[in-house]
Amino acid sequence: MNDQDQPDVIVIGAGIVGLSAAVAAQARGLSVVVLDREGPAAGASAGNAGAFAFTDILPLASPGILKKAPKWLLDPLGPLSLPPAYALQIAPWMFRFWRACASGRVAHSTAAQTALMDLSKAELEPFLRQTGTAAMLRKDGNLQVYEGETELKASLPGWKAREAHGVEFHHVDAAGIAEIQPGLAPRFTHGTFTPGWYSIADPKLYTLALADHFCALGGKIERTKVTALRPGESGVDVVSVGGASRRASRVVLAAGAFSHQVARTIGENIPLETERGYNTTLPLEAFDLRTQITFGGHGFVVSRLSTGIRVGGAVELGGLKLPPNFRRSEAMLEKARNFLPGLKPHGGVQWMGFRPSLPDSLPAIGHARDTQRVIYAFGHGHLGLTQSAGTARIVADLLTCKKPPIDIASFSPQRF
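Here numbering that gives the first Met the number 0 is used: the first residue of the sequence shown is 0, the next is one more, and so on.
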């Protein structure tokens, strides 16, 4: 490290976005320290579905979700849940979400999301080779399944939008489903297969591998809870619990669902909320899974990792403090058992994690309002792993005063 007392960069957050940014900054010759409240891969990066969902360009905030939401919200264990204890607190965020569902704003968000997806896909494999993690990449595709032709037809506008942005897919009938993934219940009569869907062998192991690579090249990771930022003319003081502080020339804030709390200490009120995700990871022998399966009408996926079969997804808008409701994991697992009759539902490990989400489904990437010394990189929702390499490229460019390869105005942290 060039200066042990004051590194060039402090990255707050040791999840997949923060560590990817740290690696990218380090590759530009910058000295980097990573600070995290729990250490590498302790949050959403540990328990996600493991997918690089480059075809998932449509924002969650859309007219389609407005049609489904009332029905889903009536089911406390359904794909979208809002605990009554959190309803009042999240009301301002929900209002912004509703506004983001307007057709013009959806088109804008889709175009911006597509640009970030294209960049992230282009950056991914070079990044994996650079970090020695290329062997963890899989290209098994994704199969989205439908219960009848009516459900398929309802999905077609979304596929048309993807087609307009160059996403490859093809629709299949029941025989086509069986050829791609045997063992699905006959209730699923139609499907759509996207071969461009990549995945990682295990998201936690991948994130830990990035941490190891970063440290092997001289980077440092320290466990501390950051409580405030204090920018000055010569650097930024990063304050931790107890009042201890570290100074760096610049700071990257990538602390996931906790990022807005730190940003608030420098006068920014960014409407970040938490989509609490649940899953159960079963032993590998639980099912002969050949591709990721998306049960879109039920809001969850089944993924094959190197460490097991993961059943999870759904959205619970419950913030950071309410206790987990693992009945949601159990409900998805029960559905998976019915949808995949051969699934062995025993021996699973339950998990709940916080997905950091902004109302328009786009992340916040860019400088803080009042200082160029602080860069934000958070709010990726379900797409943190997917967009990690692209976000890291943008952050590294901003740190080295280079123009990013895409227009990042749509991701401005000050857009709300």
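Beta carbons: idealized from backbone N, C-alpha and C, even for Gly.
Computed from a predicted model, the values in this text were never measured in an experiment.
Unbroken beta strand (DSSP E) run spanning residue i, endpoints
i           : result
residue 291 : 291–294
residue 205 : No beta strand (DSSP E) contains residue 205, which is instead part of the alpha helix (DSSP H) from 202–215.
residue 374 : 373–377
residue 135 : Careful: residue 135 lies outside any beta strand (DSSP E) and carries neither H nor E.
residue 31  : 31–35
residue 8   : 8–11
residue 318 : First-last for residue 318: undefined, no H or E at that position.
residue 247 : 244–247
residue 191 : 189–193
Buried or exposed by the 16-neighbour rule on C-beta atoms within 10 Å, applied to residue i
i           : result
residue 369 : exposed
residue 87  : exposed
residue 143 : buried
residue 2   : Below a pLDDT of 50, predicted positions are generally treated as unreliable, and residue 2, at 43, falls in that range; no measurement from the model is reported.
residue 337 : exposed
residue 233 : exposed
residue 15  : buried
residue 262 : buried
residue 386 : buried
residue 218 : buried
residue 39  : buried
CB contact below 9 Å: residue i versus chain C
i          : result
residue 12 : Among the chains of the structure shown, chain C does not appear; only one protein chain is present.
For residue i, three-class secondary structure by DSSP
i           : result
residue 337 : helix
residue 257 : helix
residue 363 : strand
residue 55  : coil
residue 219 : strand
residue 414 : coil
residue 264 : helix
residue 97  : helix
residue 230 : strand
residue 236 : strand
residue 407 : coil
residue 269 : coil
Alpha helix (DSSP H) segment containing residue i, residue limits
i           : result
residue 117 : 102–130
residue 15  : 15–26
residue 176 : 173–179
residue 156 : 148–163
residue 44  : 43–46
residue 199 : It is not in any alpha helix (DSSP H) - residue 199 instead sits in the beta strand (DSSP E) that spans 197–199.
residue 392 : 387–398
residue 65  : 62–72
Assumed close pair residue i, residue j - CB separation to whole angstroms, cut-off 8 Å
i           : j           : result
residue 270 : residue 358 : 6 Å
residue 374 : residue 410 : About 11 Å; that fails the 8 Å criterion.
residue 331 : residue 353 : Wrong, their Cβ atoms sit about 18 Å apart, outside the cutoff.
residue 435 : residue 129 : Here the chain covers residues 0 to 415 and nothing more, so residue 435 does not appear.
residue 133 : residue 122 : With 8 Å as the limit, residue 133 and residue 122 do not qualify as a contact, their Cβ atoms being about 13 Å apart.
residue 18  : residue 206 : 6 Å
Original post:
Do the segment 334–348 and the segment 68–78 meet, that is, are 3 or more Cβ pairs less than 8 Å apart?
Top reply: no
Original post:
Counting pairs of beta carbons, one from the segment 165–179 and one from the segment 197–207, are three or more of them closer than 8 Å?
Top reply: no
**OP:** Spell out a yes or no on whether the segment 8–20 and the segment 242–249 are touching, meaning 3 or more CB-CB pairs, one atom from each, closer than 8 Å.
**Re:** yes
Original post:
Per the contact definition of three or more C-beta pairs closer than 8 Å, is the segment 401–408 in contact with the segment 271–289?
Top reply: no
**OP:** Would you be able to state if there are at least three C-beta pairs under 8 Å between the segment 183–192 and the segment 220–227?
**Re:** no
Subject >> Stretch pair the segment 54–69 + the segment 206–221: three plus CB contacts closer than 8 Å >> reply: no
**OP:** Count the C-beta pairs between the segment 300–318 and the segment 162–175 that are closer than 8 Å, then say yes if the count reaches three, no if not.
**Re:** no
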